[in-house]
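J.: Please read through the structure below; I'll follow up with questions.
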Amino acid sequence: MGSTDFSWKLADHPKLPKGKPIAVIVLDGWGEANADKFNCIHVAETPTMDSLKQGAPDKWRLVRAHGTAVGLPTEDDMGNSEVGHNALGAGRIYAQGAKLVDIALATGKIYEGEGFKYIKESFETGTLHLIGLLSDGGVHSRLDQLQLLLKGASEHGAKRIRVHILTDGRDVLDGSSIGFVETLENDLAKLRGKGVDAQIASGGGRMYVTMDRYENDWEVVKRGWDAQVLGEAPFKFKSGLEAVTTLRQDTKANDQYLPPFVIVDDNGKSVGPIVDGDAVVTFNFRADRMVMLAKALEYEDFDKFDRVRFPKIRYAGMLQYDGELKLPSYYLVSPPEIERTSGEYLVHNGVRTFACSETVKFGHVTFFWNGNRSGYFNQDMEEYVEIPSDSGITFNVKPKMKALEIAEKTRDAILSRKFDQVRVNLPNSDMVGHTGDIEATVMACKAADEAVKMILDSIEQVGGIYVVTADHGNAEDMVKRNKKGEPLLDKEGKIQILTSHTLQPVPIAIGGPGLAPGVRFRKDLPSAGLANVAATVMNLHGFEAPSDYEPTLIEVVDN
Numbered sequence: 001m002g003s004t005d006f007s008w009k010l011a012d013h014p015k016l017p018k019g020k021p022i023a024v025i026v027l028d029g030w031g032e033a034n035a036d037k038f039n040c041i042h043v044a045e046t047p048t049m050d051s052l053k054q055g056a057p058d059k060w061r062l063v064r065a066h067g068t069a070v071g072l073p074t075e076d077d078m079g080n081s082e083v084g085h086n087a088l089g090a091g092r093i094y095a096q097g098a099k100l101v102d103i104a105l106a107t108g109k110i111y112e113g114e115g116f117k118y119i120k121e122s123f124e125t126g127t128l129h130l131i132g133l134l135s136d137g138g139v140h141s142r143l144d145q146l147q148l149l150l151k152g153a154s155e156h157g158a159k160r161i162r163v164h165i166l167t168d169g170r171d172v173l174d175g176s177s178i179g180f181v182e183t184l185e186n187d188l189a190k191l192r193g194k195g196v197d198a199q200i201a202s203g204g205g206r207m208y209v210t211m212d213r214y215e216n217d218w219e220v221v222k223r224g225w226d227a228q229v230l231g232e233a234p235f236k237f238k239s240g241l242e243a244v245t246t247l248r249q250d251t252k253a254n255d256q257y258l259p260p261f262v263i264v265d266d267n268g269k270s271v272g273p274i275v276d277g278d279a280v281v282t283f284n285f286r287a288d289r290m291v292m293l294a295k296a297l298e299y300e301d302f303d304k305f306d307r308v309r310f311p312k313i314r315y316a317g318m319l320q321y322d323g324e325l326k327l328p329s330y331y332l333v334s335p336p337e338i339e340r341t342s343g344e345y346l347v348h349n350g351v352r353t354f355a356c357s358e359t360v361k362f363g364h365v366t367f368f369w370n371g372n373r374s375g376y377f378n379q380d381m382e383e384y385v386e387i388p389s390d391s392g393i394t395f396n397v398k399p400k401m402k403a404l405e406i407a408e409k410t411r412d413a414i415l416s417r418k419f420d421q422v423r424v425n426l427p428n429s430d431m432v433g434h435t436g437d438i439e440a441t442v443m444a445c446k447a448a449d450e451a452v453k454m455i456l457d458s459i460e461q462v463g464g465i466y467v468v469t470a471d472h473g474n475a476e477d478m479v480k481r482n483k484k485g486e487p488l489l490d491k492e493g494k495i496q497i498l499t500s501h502t503l504q505p506v507p508i509a510i511g512g513p514g515l516a517p518g519v520r521f522r523k524d525l526p527s528a529g530l531a532n533v534a535a536t537v538m539n540l541h542g543f544e545a546p547s548d549y550e551p552t553l554i555e556v557v558d559n
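Below, the structure written as structure tokens:
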């Protein structure tokens, strides 16, 4: 931004004073859902969070934390910590997922990034393998993006390309796979006409091959691995079109459940197993059904199934699928470039800031909060404290995690009176929720609630203000449900545990002795989301938010 058309100076808020210390507390994976025994937040003793909810009705509300509210394409996209903290810090909604890929392909930026340069090193002597959902459904992938990537990769030196297709029939009509395969086969034939050795190498239906999620059934990933990597499958065909049409007829399977197949040459040999020196790209932009395959492709240390061999490849995702695991470590499209975040504005306006979490979420209250940007804006004005997370154990073993230590550090920062804002993330309900251990998750929620109490008590002592919210749901619903909302059972009649995030809204509460009289949540923003929190916090610091920020959640009424 040129200095001529832009000033960091924020206007003073007409009705709210400056100078009150503010604690912004983010409970990770803490959504709002119906009270039942699978809602660990409801089951847990959480007197502090309960009191915020039962206190002043105009100081507690819900905000959206999934789908379009955080820049994801559809309302079926659950929120996650990365996009959640992006929205909380940026105060605006940035394109995430599919839109980012569209922009990167349209501008050609995808071919200039680290991820593409990395896989390109294999083009001279190896094969480029593309694995993903062949569909125009737009939920996990899009056919036109695959077509552009094929064209671009061949123009940038890929001489041998193999596509491993997963048929859809879930986000699109059953049977549409045949048309998609015809389109792809035509494109590959055109590439062959230009001297590129390009063909379909393997395939299968998305629900039966590769695209499992939340570690539900590793057999699904193994079936894909056997076909894609080892070149082995129960069915062998000469072309992708022959494979899909024949399997639909002979096995009566629909697109979602087509059995795995490989394409073979005249000698019956698989045309495209993945071997040492090859490059692999998973071209889905949606993360949840790519994470398991990404682990199998990337992790040296892996015990979920016998991979038989683990080829030395260069692997990149279309996007990074898990920001916490940094998986995969290479990806073709980077997260959005976010500028003028609330943190940067506040530092420019004299707000001294303290941020703290433990390792697993430290990046969320710093890097992701600050618009995917490392480091301080102004080291004289900011202090970031990282408390090392437990390592070598799963989080359900010690569900209290480092909540107490985070709270103590934050309490000390507040009582030192050196800071105008303290910002923390308490990871318990999310990280323990992901283990699927209900009892441990209940303990995790209790520990987080106790940490909130310690921070609110110190805000009380200094006459400050608190803002307590969350980044997405998780611990509030630990069971898979049918369309009616009833818990699903497995073959043995046991409850199917849900370890993932959810689509639930999250709470936000404001209060504290420093909160000006007459401040309350507005009633005219029923579908507000996480991005509305930044302007709210700026107001509470005594500033007007920039005009392009999502509107503030609060108003000041004359008592």
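Going by the UniProt record's numbering, the letters in the sequence shown line up with residues 1 to 559, in that order. We treat Cβ as the ideally placed atom computed from N, Cα and C, and that holds for glycine.
#1: Return the CA-CA distance between residue 86 and residue 195, expressed in angstroms with no decimal places.
#2: So, residue 79 versus residue 96, is the Cβ gap smaller than 8 Å?
#3: Please report how far the alpha carbon of residue 32 lies from the alpha carbon of residue 414, in whole angstroms.
#4: DSSP puts residue 111 in a beta bridge; with which residues?
#5: Report all residues from its chain with a CB closer than 8 Å to the CB of residue 45; omit the five preceding and five following residues, and keep chain order.
#6: Have a look at residue 253 and residue 247 and give me their C-alpha separation to the nearest angstrom.
#7: Can you name the residues that DSSP bridges to residue 205?
#8: Quick one: what's got a C-beta closer than 8 Å to residue 386's C-beta in the same chain, skipping five residues either side?
#9: Output the residue ranges of the alpha helix (DSSP H) runs that lie fully inside the region 83–169 and measure 4 residues or longer, sorted by chain position.
#10: Per DSSP, what kind of secondary structure is residue 229 in: helix, strand or coil?
#11: Pull up the DSSP beta-bridge partners for residue 424, would you.
#12: Among 188, 170 and 192, which one has its Cα closest to the Cα of residue 163?
#13: Starting from residue 569, trace the beta strand (DSSP E) both ways and give me its first and last residue.
#14: Of the choices 277, 519 and 130, whose alpha-carbon is the least far from that of residue 576?
#15: Which of the three DSSP states is assigned to residue 409 in this structure?
#16: Take residue 257 as the anchor and find which of 68, 209, 505 and 393 has the nearest alpha-carbon.
#17: Hey, would you say residue 53 sits closer than 8 Å to residue 336, going by beta carbons?
#18: What first and last residue would you give for the beta strand (DSSP E) that runs through residue 510?
#19: Report back the beta-carbon spacing between residue 89 and residue 370 to the nearest angstrom; my notes put them in contact at under 8 Å.
#20: Quick one: what's got a C-beta closer than 8 Å to residue 245's C-beta in the same chain, skipping five residues either side?
#21: Take residue 39 as the anchor and find which of 504, 543 and 557 has the nearest alpha-carbon.
#22: Who does residue 322 pair with in a DSSP beta bridge?
#23: Between residue 110 and residue 332, is the Cβ-Cβ spacing less than 8 Å?
#24: Helix, strand or coil: which one does DSSP assign to residue 77?
#25: Starting from residue 521 and walking both ways along the beta strand (DSSP E), at which residues does that stretch end?
T.: Per the coordinate set shown:
#1: 44 Å
#2: no
#3: Each residue's alpha carbon lies about 28 Å from the other.
#4: Within the DSSP bridge table, the entry for residue 111 names no partner.
#5: So the list reads 446 and 449, once near-sequence residues are dropped.
#6: 7 Å
#7: 167
#8: 356, 357, 358, 359 and 362
#9: 98–107, 114–120 and 143–155
#10: coil
#11: DSSP links residue 424 through a beta bridge to 25 and 356.
#12: 188
#13: The chain is shown only over 1 to 559; residue 569 falls outside these bounds and no answer can be derived.
#14: The structure shown has nothing for residue 576, since the chain only spans 1 to 559.
#15: helix
#16: 209
#17: no
#18: 506–511
#19: 6 Å
#20: 178
#21: 504
#22: 327
#23: yes
#24: coil
#25: 519–521 is the extent of the beta strand (DSSP E) around residue 521.
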